[in-house]
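**Q**
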Amino acid sequence: GALSWAGNNNLTYATLGIYIAWFFQFYLKRRYTAWWGKYAYLIFAGLSVGVAVSGLVVTLVFSFGAGQGYQFAWWGNEVPRAGVDFQLYNNNASLKAL
């Protein structure tokens, strides 16, 4: 949505959406009007249903404890706990040079 244009986000996701929207709404609608009128509704409905079903599956998988007690080995899990910011938050570090 519009939040992706806020400036604190990676715009590659929004850019791809703009290209796809332009392709369907400008190019296909003007060049292949009959095809667009026949299949555009099905494509958009299929994409919407796909997002809804995948959101439901992800919600059910992560809400009912699948993977509970398992720590995923990924470098991003430890990044928030590393560095001066986390140490300062827990009063374990000082900004003064010792």
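Residues are numbered in this note's numbering as their position in the sequence shown, beginning at 1, plus a constant of 694.
Glycine included, each C-beta is placed from N, C-alpha and C at the ideal position.
(1) Going by the beta-carbon positions, is the gap between Leu736 and Trp730 smaller than 7 angstroms?
(2) For the alpha helix (DSSP H) holding Tyr733, just list the boundary residues, first then last.
(3) Determine the DSSP secondary structure at Asn784, reduced to helix, strand or coil.
(4) Could you check what DSSP says for Ala776 in three-state terms: helix, strand or coil?
(5) Hey, does Leu750 have any beta-carbon neighbour from chain D nearer than 7 angstroms?
**A** Taking the geometry as given:
(1) no
(2) Thr727 to Ser757
(3) coil
(4) coil
(5) Annotation note: the requested chain D is absent from the structure, which comprises a single protein chain.
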